[in-house]
Amino acid sequence: MLPESEIPTQWYNIQADMPNKPVPMLNPKTKEPVTPEDLYMLFSCEASEQELNMTDSWIDIPEPVREMYANYRCTPLVRAYGLEEALGTPAHIYFKNESVSPIGSHKLNSALPQAYYCKQEGITNVTTETGAGQWGAALSYAAKVFGLEAAVYQVKVSYEQKPYRRSIMQTFGAQVTPSPSMSTRAGKDILTLYPNHQGSLGTAISEAVELAMMTPNCKYTLGSVLSHVTLHQTVIGLEAEKQMELAGEYPDVVVACFGGGSNFGGLAFPFMRHNIKDGKTTRFVAAEPASCPKLTRGEFCYDYGDESGYTPLIPMFTLGHNFRPANIHAGGLRYHGAGLVASQLLKDGLMEAVDIEQIESFEAGTLFAASEGIIPAPESCHAIAATIREAKKCIETGEQKTILFCLSGHGLIDMAAYDQYLAGNLINNSISDETIASNIKELKDSLNG
Ligand SMILES: *Cc1c(COP(=O)(O)O)cnc(C)c1O
Numbered sequence: 014m015l016p017e018s019e020i021p022t023q024w025y026n027i028q029a030d031m032p033n034k035p036v037p038m039l040n041p042k043t044k045e046p047v048t049p050e051d052l053y054m055l056f057s058c059e060a061s062e063q064e065l066n067m068t069d070s071w072i073d074i075p076e077p078v079r080e081m082y083a084n085y086r087c088t089p090l091v092r093a094y095g096l097e098e099a100l101g102t103p104a105h106i107y108f109k110n111e112s113v114s115p116i117g118s119h120k121l122n123s124a125l126p127q128a129y130y131c132k133q134e135g136i137t138n139v140t141t142e143t144g145a146g147q148w149g150a151a152l153s154y155a156a157k158v159f160g161l162e163a164a165v166y167q168v169k170v171s172y173e174q175k176p177y178r179r180s181i182m183q184t185f186g187a188q189v190t191p192s193p194s195m196s197t198r199a200g201k202d203i204l205t206l207y208p209n210h211q212g213s214l215g216t217a218i219s220e221a222v223e224l225a226m227m228t229p230n231c232k233y234t235l236g237s238v239l240s241h242v243t244l245h246q247t248v249i250g251l252e253a254e255k256q257m258e259l260a261g262e263y264p265d266v267v268v269a270c271f272g273g274g275s276n277f278g279g280l281a282f283p284f285m286r287h288n289i290k291d292g293k294t295t296r297f298v299a300a301e302p303a304s305c306p307k308l309t310r311g312e313f314c315y316d317y318g319d320e321s322g323y324t325p326l327i328p329m330f331t332l333g334h335n336f337r338p339a340n341i342h343a344g345g346l347r348y349h350g351a352g353l354v355a356s357q358l359l360k361d362g363l364m365e366a367v368d369i370e371q372i373e374s375f376e377a378g379t380l381f382a383a384s385e386g387i388i389p390a391p392e393s394c395h396a397i398a399a400t401i402r403e404a405k406k407c408i409e410t411g412e413q414k415t416i417l418f419c420l421s422g423h424g425l426i427d428m429a430a431y432d433q434y435l436a437g438n439l440i441n442n443s444i445s446d447e448t449i450a451s452n453i454k455e456l457k458d459s460l461n462g
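If you use this note's numbering, the sequence shown corresponds to residues 14 to 462, in order.
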């Protein structure tokens, strides 16, 4: 463990150092590049400015946020001796354990500053969406800490199937509504067209955004995808950099699971700056589910962040905002698009992506649990599976590579998923090229039409 004084005082903004700057987001009405003012109606002013900041590599962490970080940071960097032994690999495997945060995942790292900036700016209410509930839980707690009211739209199928995260949000005092709901225009429209819609992150984002736009003194917050969210997550990589140094190592490969890219960028970008500036040659591997393969099989183009088209148009690897991913257990990875920074970096060859089938992810998670004693979140299982693939390559080549991955959260509230895996009831959900192509075509037709 590092002492509290070692908690970073600044976040790292890779946008300032990228060889090719990200393509700008567009205002959905004017189709002009978004300005901070366009974002003010959605987000706090500070978050809006961070989102578009292409010049400052380092951004100060406000002291009240740093004080809250100190309740659970620095998080441990752990050498996975047990996993190395179970695999019989010469590789050195390390993981950064973000599951030790009060809510059990990395999400709190961004929920705290987002809530703090709202409070500072005189906002009284925040809204958001949540899938499996990790982000909703983090935001609900952060809102409570800084004295805000939180309203959370939870994807309906998760609301019904994962009642415990709903209870967690309600325990922190948040109002939780299943999405699509009849409480917003967007929700009513979706339910009129599709009466049995089970909800998606896309529908829940539309509802949360609409509520924020229609309610005075209320802002929207997002737990992934956007650049300012990944910025806040760089505490993960900045701490890991110092901790690896204490261990006398530097990673050859950095691995994280990928939903919208925040835990990936949070761990990877501080190391990637040394590839960009100092000639290091670390590989960065994003692990996504095979059933939601935007990085490996999506297309790089403008798309909306939500189902109803309220958000700015984002230049990203996407499967189309109408994409309905299979109901896999890794709820946090079921998003149709990737953040614009990661999308640009993938396009420029600064990072790689792999896709992992659901059963392989749980095989990996179960092996990790048995060898390290921690039950990983279904999302994190994807990072572990990709790490195991890398470690197995080292067995073949005899190379002693150093692999660092992000344990983004624990799976103690996801035991129903493990039960299904252990009972042999999990399936792999494949998606055809035709489905992807027709989704992208639908997207392009809707943007041109
Ligand atoms: C939300 C979540 C993810 C995916 O989100 P990213 O922004 O891609 O990091 C991964 N792991 C856990 C535990 C999550 O809660």
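Just so it is clear, CB atoms sit at the ideal spot from N, CA and C, and this is done for glycine as well.
Opening and closing residue of the alpha helix (DSSP H) in which residue i lies
{"i": "CYS407", "result": "391-410"}
{"i": "ILE388", "result": "First-last for ILE388: undefined, no H or E at that position."}
{"i": "VAL242", "result": "240-259"}
{"i": "ASP316", "result": "Looking at the DSSP string, ASP316 is not in any alpha helix (DSSP H); the run it does join, the beta strand (DSSP E), is 312-317."}
{"i": "GLU461", "result": "The sequence given here places Asn at residue 461; Glu does not occur at that position. Start and end: 446-461."}
{"i": "PHE336", "result": "Here PHE336 belongs to no alpha helix (DSSP H), and DSSP marks it neither H nor E."}
{"i": "PRO328", "result": "Segment 326-331 is the beta strand (DSSP E) holding PRO328; no alpha helix (DSSP H) there."}
{"i": "GLU59", "result": "58-64"}
{"i": "PHE108", "result": "First-last for PHE108: 105-110, but that is the beta strand (DSSP E), not the alpha helix (DSSP H)."}
{"i": "GLU223", "result": "214-227"}
{"i": "VAL158", "result": "147-158"}
{"i": "GLN433", "result": "428-435"}
Residue from the options with nearest C-alpha to residue i
{"i": "GLY333", "options": "HIS342, GLY345, TYR315 and ASN340", "result": "TYR315"}
{"i": "GLU134", "options": "ILE116, LEU161, LYS120 and THR143", "result": "LEU161"}
{"i": "PRO389", "options": "ILE408, ARG402, LEU358 and GLY424", "result": "GLY424"}
{"i": "MET364", "options": "GLN63, GLY278 and ALA104", "result": "GLY278"}
{"i": "GLN188", "options": "VAL158, TYR166, THR205 and ALA83", "result": "TYR166"}
{"i": "ARG3", "options": "ALA221, GLN28 and THR400", "result": "Lying before the first or after the last residue shown, residue 3 is absent from the chain, which here runs from 14 to 462."}
{"i": "ASP73", "options": "TYR85, ALA60 and ASN84", "result": "ALA60"}
{"i": "GLY274", "options": "GLY236, PRO89 and GLU173", "result": "GLY236"}
{"i": "LYS44", "options": "ALA366, ALA343, ALA430 and PRO328", "result": "PRO328"}
{"i": "ARG310", "options": "LEU239, HIS342, ALA351 and PHE282", "result": "ALA351"}
{"i": "PHE381", "options": "VAL47, THR68 and ALA99", "result": "ALA99"}
{"i": "PHE336", "options": "GLU254, GLY212, CYS419 and ALA366", "result": "GLY212"}
{"i": "PRO37", "options": "VAL78, GLN357 and ALA300", "result": "GLN357"}
{"i": "ALA343", "options": "LYS293, ILE440 and ILE136", "result": "ILE440"}
{"i": "LEU456", "options": "GLU320, ILE416 and LEU359", "result": "GLU320"}
{"i": "PRO75", "options": "GLN127, LEU326 and THR68", "result": "GLN127"}
Residue environment, residue i, which counts as buried when at least 16 other CB atoms sit within 10 Å
{"i": "GLN246", "result": "buried"}
{"i": "MET31", "result": "buried"}
{"i": "TYR94", "result": "exposed"}
{"i": "SER171", "result": "buried"}
{"i": "LEU259", "result": "exposed"}
{"i": "LEU280", "result": "buried"}
{"i": "GLY144", "result": "buried"}
{"i": "TRP71", "result": "exposed"}
{"i": "ALA436", "result": "exposed"}
{"i": "GLY200", "result": "buried"}
{"i": "MET285", "result": "buried"}
{"i": "MET54", "result": "exposed"}
{"i": "ASP427", "result": "buried"}
{"i": "MET81", "result": "buried"}
{"i": "GLY186", "result": "exposed"}
Range of the contiguous beta strand (DSSP E) that encloses residue i
{"i": "SER192", "result": "188-192"}
{"i": "ASP368", "result": "365-369"}
{"i": "GLN167", "result": "162-168"}
{"i": "MET31", "result": "Where MET31 is concerned, there is no enclosing beta strand (DSSP E), given that its DSSP letter is neither H nor E."}
{"i": "VAL91", "result": "90-92"}
{"i": "GLU45", "result": "Taken as a continuous stretch (DSSP letters only), GLU45 belongs to no beta strand (DSSP E), as it is neither H nor E."}
{"i": "ARG296", "result": "296-302"}
{"i": "TYR233", "result": "231-233"}
Any non-hydrogen atom of ligand 3 within 8 angstroms of residue i CB
{"i": "HIS245", "result": "No copy of ligand 3 appears in this structure; the ligands present are ligand 1."}
Three or more C-beta pairs under 8 angstroms: does that hold for the stretch 177-195 against the stretch 147-158? yes
Contact the stretch 195-202 vs the stretch 94-112: 3+ CB pairs below 8 angstroms: no
Can you confirm whether the stretch 297-311 touches the stretch 319-337 when touching is taken to mean that 3 or more C-beta pairs between the two stretches lie within less than 8 angstroms? yes
Contact the stretch 383-398 vs the stretch 240-257: 3+ CB pairs below 8 angstroms: no
Touching or not, the stretch 85-102 and the stretch 113-125, by the rule of three or more beta carbon pairs under 8 angstroms? yes
Can you find at least 3 beta carbon pairs, one from the stretch 402-418 and one from the stretch 100-107, that sit closer than 8 angstroms? yes
Inter-stretch contact at 8 angstroms, needing at least 3 Cβ pairs: the stretch 226-234 / the stretch 255-269: no
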